[in-house]
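Residue 55 in my numbering is what sits at position 53 of the sequence shown, and the numbering runs on without skipping anything.
Just so you know, even glycine gets a beta-carbon here, dropped at the ideal spot from N, CA and C.
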Amino acid sequence: MKILKAGTVLINLQNKEICLVYNKNDKSYAFPKGHLENGETLKECAIRETEEETGHTCSIINEKEIGILKYLTPAGENVELHLYLAKDTGLVTREINPKDKEETLWVNIEKVKEKILYQDLNQLWLDMKNKINK
Numbered sequence: 003m004k005i006l007k008a009g010t011v012l013i014n015l016q017n018k019e020i021c022l023v024y025n026k027n028d029k030s031y032a033f034p035k036g037h038l039e040n041g042e043t044l045k046e047c048a049i050r051e052t053e054e055e056t057g058h059t060c061s062i063i064n065e066k067e068i069g070i071l072k073y074l075t076p077a078g079e080n081v082e083l084h085l086y087l088a089k090d091t092g093l094v095t096r097e098i099n100p101k102d103k104e105e106t107l108w109v110n111i112e113k114v115k116e117k118i119l120y121q122d123l124n125q126l127w128l129d130m131k132n133k134i135n136k
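Laid out in structure tokens, this is it:
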């Protein structure tokens with residue numbers, strides 16, 4: 003069975019920084035993402051997960067995802083992650099569950115590669131970065 007996830011490449015357009023979240027289990031940084039909830043679209047999931055994990059509101063810039071990553075979890079589950087380019091629109095005003103909030107790091111667009119440890123995600127980032135810079 004395929005597990006669908008969605009997330010964002012959250013960008014601050016003024017200073018060209020990308021928001022990464024720290025995964026305590028993997029001890030690495032990645033883009034904010036998560037599982038779809040019942041009845042939710044991929045874009046709705048991407049926005050919700052970004053707000054929960056980063057504490058920032060966002061709006062999707064492109065209709066189509068900027069990247070798709072397919073991978074196998076250590077438990078053998080097939081995951082398909084859809085990432086959307088989104089711009090930071092400010093801080094979330096509603097209450098966020100503290101256990102959902104992750105440690106965040108805003109990184110210059112040229113330094114993101116140094117923070118991502120997973121090779122397949124890093125390769126996807128390089129492809130996405132080329133699209134962002136256009």
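Have a look at the options and flag the residue whose alpha-carbon is nearest the alpha-carbon of residue i.
i	options	result
Lys89	Ala8, Ile13 and Lys7	Ile13
Leu123	Lys18, Glu53, Gly41 and Ile70	Ile70
Pro76	Asn27, Leu128 and Glu116	Asn27
Leu6	Val94, Lys72, Pro100 and Glu104	Lys72
Leu22	Lys45, Trp108, Lys101 and Thr43	Trp108
Val94	Glu39, Glu55 and Glu42	Glu55
Glu82	Lys115, Tyr24 and Leu44	Leu44
Would you list the residues sitting across from residue i in a DSSP beta bridge?
i	result
Trp108	Cys21
Thr59	Gly92
Could you check the C-alpha separation between residue i and residue j for me, to the nearest Å?
i	j	result
Gly36	Thr59	16 Å
Leu87	Thr10	6 Å
Gly92	Lys4	33 Å
Gln125	Asn135	16 Å
Lys66	Asn40	21 Å
If we count the other Cβ atoms within 10 Å of its Cβ and call it buried at 16 or more, is residue i buried or exposed?
i	result
Lys133	exposed
Pro34	buried
Leu128	exposed
Curious, which full-length alpha helix (DSSP H) runs of at least 4 residues does the region 67-96 contain?
-> none
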